[in-house]
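One rule links them: number in the working numbering = place in the sequence shown (from 1) + 3. Accompanying notes for the structure given below.
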Amino acid sequence: MSSYRGNQAVLAQERRLAAIAAASAAAFRHSDYHQVRAEDVAERVRLPRGGEKDTGRSAVWLYNEVRSRRVLVALAAKHAFDEFTSGENTPEPVTSMLGAAESVAAALRRIARFHQVERFLLAQVRLGIGDISTSEKRPSAAQTPPVWLTGTYGSAAAAGWEGRVTAYAEYLAPRLDQAARAVAVPPENWAKTSAERLSELAFRAMSDDADAPADRQAEGLAAYWLARDLIPLTGEWADRLHAAERTAELVEKIGPNGRSRANALVVVFQVLLDSSPLLARAAEVGAELIPLLAGSPADAVTLCDVTSRRGLALLRLGDTAAARGCFEESRRIAEKLPDSADPSSLIARAEHNLAELLVDEGHAEQGRAILADVAGRRSAGVPTTGAGPAWRRHTLTRQALARATTRAGRVVEGVRLAEATLTDREDRLGQDNVNTASARVTLAEALLAAAHPAQARHHLSEAMRLRSLYLPGEGYWPQYDLVRLAEIELHAGFPAQAVRLLDDATVTTTWFADRVSPRLHEEAVLIRSLGLTASGEALTALSDLAELPQTRAVLRAQATARLTVGDPASAARVLDALDPGEPAPEQAETLLIRARAAAALGREQAAEEACQAILALAGDQIDATHPTVLGARLGLALQRVRSDRAAEVGDLLAPLLDRRALAHGKPALGDGHPLLAEAMALAARAGAPPARAPEDQLWENF
Numbered sequence: 004m005s006s007y008r009g010n011q012a013v014l015a016q017e018r019r020l021a022a023i024a025a026a027s028a029a030a031f032r033h034s035d036y037h038q039v040r041a042e043d044v045a046e047r048v049r050l051p052r053g054g055e056k057d058t059g060r061s062a063v064w065l066y067n068e069v070r071s072r073r074v075l076v077a078l079a080a081k082h083a084f085d086e087f088t089s090g091e092n093t094p095e096p097v098t099s100m101l102g103a104a105e106s107v108a109a110a111l112r113r114i115a116r117f118h119q120v121e122r123f124l125l126a127q128v129r130l131g132i133g134d135i136s137t138s139e140k141r142p143s144a145a146q147t148p149p150v151w152l153t154g155t156y157g158s159a160a161a162a163g164w165e166g167r168v169t170a171y172a173e174y175l176a177p178r179l180d181q182a183a184r185a186v187a188v189p190p191e192n193w194a195k196t197s198a199e200r201l202s203e204l205a206f207r208a209m210s211d212d213a214d215a216p217a218d219r220q221a222e223g224l225a226a227y228w229l230a231r232d233l234i235p236l237t238g239e240w241a242d243r244l245h246a247a248e249r250t251a252e253l254v255e256k257i258g259p260n261g262r263s264r265a266n267a268l269v270v271v272f273q274v275l276l277d278s279s280p281l282l283a284r285a286a287e288v289g290a291e292l293i294p295l296l297a298g299s300p301a302d303a304v305t306l307c308d309v310t311s312r313r314g315l316a317l318l319r320l321g322d323t324a325a326a327r328g329c330f331e332e333s334r335r336i337a338e339k340l341p342d343s344a345d346p347s348s349l350i351a352r353a354e355h356n357l358a359e360l361l362v363d364e365g366h367a368e369q370g371r372a373i374l375a376d377v378a379g380r381r382s383a384g385v386p387t388t389g390a391g392p393a394w395r396r397h398t399l400t401r402q403a404l405a406r407a408t409t410r411a412g413r414v415v416e417g418v419r420l421a422e423a424t425l426t427d428r429e430d431r432l433g434q435d436n437v438n439t440a441s442a443r444v445t446l447a448e449a450l451l452a453a454a455h456p457a458q459a460r461h462h463l464s465e466a467m468r469l470r471s472l473y474l475p476g477e478g479y480w481p482q483y484d485l486v487r488l489a490e491i492e493l494h495a496g497f498p499a500q501a502v503r504l505l506d507d508a509t510v511t512t513t514w515f516a517d518r519v520s521p522r523l524h525e526e527a528v529l530i531r532s533l534g535l536t537a538s539g540e541a542l543t544a545l546s547d548l549a550e551l552p553q554t555r556a557v558l559r560a561q562a563t564a565r566l567t568v569g570d571p572a573s574a575a576r577v578l579d580a581l582d583p584g585e586p587a588p589e590q591a592e593t594l595l596i597r598a599r600a601a602a603a604l605g606r607e608q609a610a611e612e613a614c615q616a617i618l619a620l621a622g623d624q625i626d627a628t629h630p631t632v633l634g635a636r637l638g639l640a641l642q643r644v645r646s647d648r649a650a651e652v653g654d655l656l657a658p659l660l661d662r663r664a665l666a667h668g669k670p671a672l673g674d675g676h677p678l679l680a681e682a683m684a685l686a687a688r689a690g691a692p693p694a695r696a697p698e699d700q701l702w703e704n705f
């Protein structure tokens, strides 16, 4: 009720101020500032009274509404400008720094045109905005500044009281927001604040220097806005991108010269990939650049590099088919290079990238084999110390091999490889290095897959601290880290925290999906949906999942959500749509959900068979201590308890409860893991609680 009353009060105030603005504009359009009296404005006010239009208001009423002639002229300027720009649409979205600057300059040129058309009126506004009334000058007056409720005219009136003109802010705000979105996601109210500041600057510049060239004024103010507001929002990389784009534009204007334009676009491409979050634009610039380089044998090495790096951008965007084409083309180019260009290194890079693509497509075992071969070749000649190019290439392949091993379900070996890579980078680069942090992220992923979320959280948090110092916050890798952190919280048993992390994150915005990575955006929405399901909001999760491409992971998430809402039959039908030829780790996940659906339907035999199928995968295809395999053992143990076969529970739960260290130096389940807690509770329920060693008890109690 209070909200409704507040809205009604704002609307009523806006109607009054709009009527005063129209009356003030009419008065100051026809008379000099010092000749216009309050009575002249008040008698022009038209507001309904008692169901009929009034013939005017009193000067006392007007004073109570505006309290200052500064407010009158500020409202007059707003009314006149709103009339001048009525019916104009927001321009089309822009995708470059040049486009952003031109969009803002175009809006400012429109304001400059308004200053030319309403020159007399704005001269009166210029006189009045600095006027101070006699009552304000009296020390004894002690006037309390009036308070206007939030609204477009209310904001203009409040600014006018302070001696500022924000008449153009409402027009500028959506245009500034759109220009900023070419490179970043502005925070709430950023565009409004920026527009009010730019409105005041534009009014002062164009009023004080009415004879200046309008185009130059607009471009100068747009450049100031870039330096004052946009670049501090994004970071210095946006300034470098703007300079690179201007150079490329200048080269194109000078005349048709493919080599010069290629050289200029190479700089744009490098800035986009090395500094900015704009992967989609980098892929577009790379597509434009490749034909320009293809015609010159002297540019073959650059062409190979650009093609390879464009493939990496496409891979992170999720366009695996186009990425494969780029990687294969880079290999073909490398094979034709002379020995002086070190083609073997470039061929190995292409094979490395193709292997990572296979891992991302779900063929982790195949990608792992290729990466192991590439790592063996790249290890030749690597010095034992230092961080030269040979070692850099080798450590990147070792890192990719660790990821592939983890994705293939060999989680113990994945942790060992990731730890070795991290240790090597710490020795050569130090702990506080961005590339050391990248290796730490890979270790965190491996630890999470190996059921040690607490340790994974520790390593990922440390890596995020370092990477945030070097990389733009809206970029792919910082947002990737955030998604991984949410995944850790989800698997650690804190789904609500996972949802909170992703609720207001850049990765879940449409801007990120359009400009940075639709693939990572979809992954973030998927993890958030799993968090919602585990938090008891499965219906909301199903709604979000319906908007995503129906991949295997999304279908499994839908089945889990339907199980949660008590619809196991529907969950089973969703699982039936999955490809039976899934990779082993994914196949195990599908079978585990299928077992839970069958158990919920009372089909104990089908649930038993699904869990046994998971156990059959263990050893040969995935680790016997893989969390999904352990989850199947827990499911079988629950069945035994329900069927009064509690004597078999101990053997089924033994791998879950075993606290001995495996080959990676850790037990199968990390302390605090939900599976471990469930296994301990079930063992106690079955009458076979695990024995507690002295080191498992709190020593301070003794």
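Ideal Cβ placement from N, Cα and C applies to all residues, glycine included.
Cβ pair count under 8 Å reaching 3, the stretch 84 to 102 against the stretch 31 to 43: no
Short of 7 Å in beta carbon distance, which residues of its chain neighbour Gly707, apart from the five on each side in sequence? Order them along the chain. The chain is shown only over 4 to 705; residue 707 falls outside these bounds and no answer can be derived.
Element boundaries [alpha helix (DSSP H), containing Thr196]: As a working note, residue 196 is residue 193 in the sequence shown. For Thr196, the enclosing alpha helix (DSSP H) has its first and last residue at 193 to 211.
Evaluate Ser279 with the Cβ neighbour count: other Cβ atoms within 10 Å of its Cβ, from every protein chain shown; 16 or more gives buried, anything less gives exposed. Numbered from 1 along the sequence shown, position 276 holds the residue referred to as residue 279. Looking at its Cβ environment, which holds 16 or more other Cβ atoms inside 10 Å, Ser279 is buried.
Is there contact between the stretch 311 to 326 and the stretch 353 to 362, where contact requires at least three CB pairs shorter than 8 Å? yes
What is the DSSP secondary structure of Ala325, counted as helix, strand or coil? The sequence position of residue 325 within the sequence shown is 322, counting from 1. In this structure, Ala325 counts as helix in the three-state DSSP scheme.
Assumed close pair Val274, Ala160 - CB separation to whole angstroms, cut-off 8 Å: The sequence position of residue 274 within the sequence shown is 271, counting from 1. The sequence position of residue 160 within the sequence shown is 157, counting from 1. The C-beta distance from Val274 to Ala160 rounds to 44 Å, too long to fall under 8 Å, and the pair is not in contact.
If you count every other CB in all the chains shown that lies within 10 Å of the CB of Val356, and 16 or more means buried, which is it? By one-based count along the sequence shown, residue 356 stands at place 353. Note that residue 356 corresponds to Asn in the displayed sequence, not to Val. Buried, by the Cβ-count rule.
Please look up how many angstroms separate the CB atoms of Glu589 and Gly365, rounded, as I've assumed it's under 8 Å. The sequence position of residue 589 within the sequence shown is 586, counting from 1. The sequence position of residue 365 within the sequence shown is 362, counting from 1. About 7 Å separates the two Cβ atoms, so the contact holds.
Check Ile625 in the structure and name its three-state DSSP category. In the sequence shown, residue 625 corresponds to position 622, counting from 1. Residue state, collapsed to three classes: strand.
Separation of Ala15 from Phe123, as counted between CA atoms: Indexing the sequence shown from 1 puts residue 123 at position 120. Indexing the sequence shown from 1 puts residue 15 at position 12. The straight-line gap from Cα to Cα measures roughly 31 Å.
Every unbroken beta strand (DSSP E) within the stretch 411 to 469, with a cutoff of 3 residues, ordered by chain: none
Going straight from the alpha carbon of Ala215 to that of Ala230, what length do you get? Position 212 of the sequence shown holds residue 215. Position 227 of the sequence shown holds residue 230. Between the alpha carbons of Ala215 and Ala230 lies a distance of about 22 Å.
Three or more C-beta pairs closer than 8 Å, one from the stretch 290 to 310 and one from the stretch 253 to 266: is that the case here? yes
Between the stretch 557 to 567 and the stretch 578 to 596, do three or more beta carbon pairs fall short of 8 Å? Under the 8 Å Cβ criterion, the stretch 557 to 567 counts as touching the stretch 578 to 596, having at least three qualifying pairs.
Confirm, please, whether the CB-CB distance from Phe330 to Ser343 is below 8 Å. To locate residue 343, count along the sequence shown from 1; it is residue 340. To locate residue 330, count along the sequence shown from 1; it is residue 327. Going by C-beta atoms, Ser343 is not nearer than 8 Å to Phe330.
Is Lys81 helix, strand or coil when you go by DSSP? If you number the sequence shown from 1, residue 81 lands on position 78. Of the three classes helix, strand and coil, the one that applies to Lys81 here is helix, per DSSP.
Alpha-carbon spacing of Gly584 relative to Glu612, whole angstroms: What you label residue 584 is simply residue 581 of the sequence shown in a count that begins at 1. What you label residue 612 is simply residue 609 of the sequence shown in a count that begins at 1. Computed Cα separation, rounded: 18 Å.
Arg688 and Val644 look like a contact to me (Cβ under 8 Å); what is the Cβ gap, rounded to whole Å? By one-based count along the sequence shown, residue 688 stands at place 685. By one-based count along the sequence shown, residue 644 stands at place 641. About 7 Å; that satisfies the 8 Å criterion.
Whether Leu204 touches Leu224 by CB criterion (8 Å): Residue 204 sits at position 201 when you count from the first residue of the sequence shown. Residue 224 sits at position 221 when you count from the first residue of the sequence shown. Yes, these two residues count as a Cβ contact at 8 Å.
Let me know the secondary structure DSSP gives Glu86 once reduced to three states. For the purposes of this step, residue 86 is taken as the residue at position 83 of the sequence shown. Three-state result, Glu86: helix.
Determine the burial state of Tyr156: buried for a count of at least 16 other Cβ atoms within 10 Å of its Cβ, exposed for fewer. For this step, residue 156 is matched to residue 153 along the sequence shown. Buried, since its Cβ has 16 or more Cβ neighbours within 10 Å.
Would you check if the stretch 431 to 439 and the stretch 645 to 660 touch, i.e. whether three or more CB-CB distances between them fall below 8 Å? The stretch 645 to 660 vs the stretch 431 to 439: no contact.
To the nearest angstrom, report how far apart Glu338 and Leu665 are at their CA atoms. Reading the sequence shown from its first residue, position 335 is the one you call residue 338. Reading the sequence shown from its first residue, position 662 is the one you call residue 665. So the two alpha carbons sit approximately 44 Å from each other.
Quick check: the Cα distance between Ser202 and Lys81, rounded to an integer number of angstroms? Position 199 of the sequence shown, counting from 1, holds the residue named residue 202. Position 78 of the sequence shown, counting from 1, holds the residue named residue 81. Rounded to whole angstroms, Ser202 to Lys81 spans 11 Å at the Cα level.
Check each candidate in Glu448, Leu450, Gly412 and name the one with the smallest Cα separation from Ala627. Here residue 627 refers to the residue found at position 624 when the sequence shown is read from its first residue. Among Glu448, Leu450, Gly412, the Cα nearest to that of Ala627 is on Gly412.
Starting from Gly634 and walking both ways along the alpha helix (DSSP H), at which residues does that stretch end? As a working mapping, residue 634 is identified with position 631 in the sequence shown. Note, Gly634: alpha helix (DSSP H), 630 to 645.
Test item: CB-CB of Val271 and Ala182 under 8 Å: Along the sequence shown, read from residue 1 onward, the residue named residue 271 stands at position 268. Along the sequence shown, read from residue 1 onward, the residue named residue 182 stands at position 179. No, the pair does not count as a contact, with Cβ atoms beyond the cut-off.
Beta-carbon within less than 6 Å of Glu46's beta-carbon, same chain only, minus the 5 sequence neighbours each way: which residues are those? Position 43 of the sequence shown, counting from 1, holds the residue named residue 46. Closer than 6 Å at the Cβ level, and outside the excluded window around Glu46, lie Gly59.
Residues near Ala12 in its chain [Cβ-Cβ closer than 7 Å; skip 5 each side]: For this step, residue 12 is matched to residue 9 along the sequence shown. For Ala12, same chain residues with a beta-carbon under 7 Å away, outside a window of 5 residues either side, are Leu152 in chain order.
Who are the near neighbours of Arg460 in its chain, counting only those whose CB is closer than 8 Å to its CB and skipping five residues on each side? What you label residue 460 is simply residue 457 of the sequence shown in a count that begins at 1. If we look at Arg460 and ignore the five residues flanking it on each side, its Cβ neighbours are Ala447, Leu488, Ile491, Glu492, Ala495.
Once the 5 residues before and after Ala473 are set aside, which same chain residues still bring their CB inside 7 Å of it? On the sequence shown, residue 473 is found 470 positions in, with the first residue counted as 1. Here residue 473 turns out to be Tyr, not Ala, going by the sequence shown. Around Tyr473: Val437.
Rounded to the nearest angstrom, what separates Arg352 and Ser210 at their Cα positions? Residue numbering aside, residue 352 sits at position 349 when the sequence shown is read from its first letter. Residue numbering aside, residue 210 sits at position 207 when the sequence shown is read from its first letter. Using only the alpha carbons, I get a separation of about 60 Å.
Rounded to a whole number of angstroms, what is the C-alpha to C-alpha distance between Gln553 and Arg428? Your numbering for residue 553 matches position 550 in the sequence shown. Your numbering for residue 428 matches position 425 in the sequence shown. Approximately 39 Å between the Cα atoms of the pair.
So, Pro677 versus Ala686, is the Cβ gap smaller than 8 Å? Here residue 677 refers to the residue found at position 674 when the sequence shown is read from its first residue. Here residue 686 refers to the residue found at position 683 when the sequence shown is read from its first residue. No, the Cβ-Cβ distance between Pro677 and Ala686 is not below 8 Å.
Exposed unless 16 or more other CB atoms sit within 10 angstroms - verdict on Lys256: Taking the sequence shown and counting its residues from 1, the one referred to as residue 256 is at position 253. By the neighbour-count rule (16 or more Cβ atoms within 10 Å), Lys256 is not buried but exposed.
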